[in-house]
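In our numbering, the protein residues as written are 2 to 81.
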């Protein structure tokens, strides 16, 4: 489409325009459904975001450094 070409009223109302290839009616219907669903902004209902695990909470990273020695493995899992 050059700068001199004025779109027809029918082209202005069109949702999309095929510029290459020859899609059949089923392909155009599928494309129309996909574009309409994307434009509506509502999906099929994605699951709400789950609450983060307590293991990944930033406060879990704030602990005393581990010290090597007898019983150190036990102290690493016990809360202080």
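Every residue, glycine too, gets a C-beta built ideally from N, C-alpha and C.
- Going by DSSP, residue 27 is part of the alpha helix (DSSP H) stretching over 26-41.
- For residue 69, the secondary structure class from DSSP, reduced to helix, strand or coil, is coil.
- The Cβ atoms of residue 36 and residue 16 sit closer than 8 angstroms to each other.
- In the three-state reduction of the DSSP assignment, residue 8 falls in the coil class.
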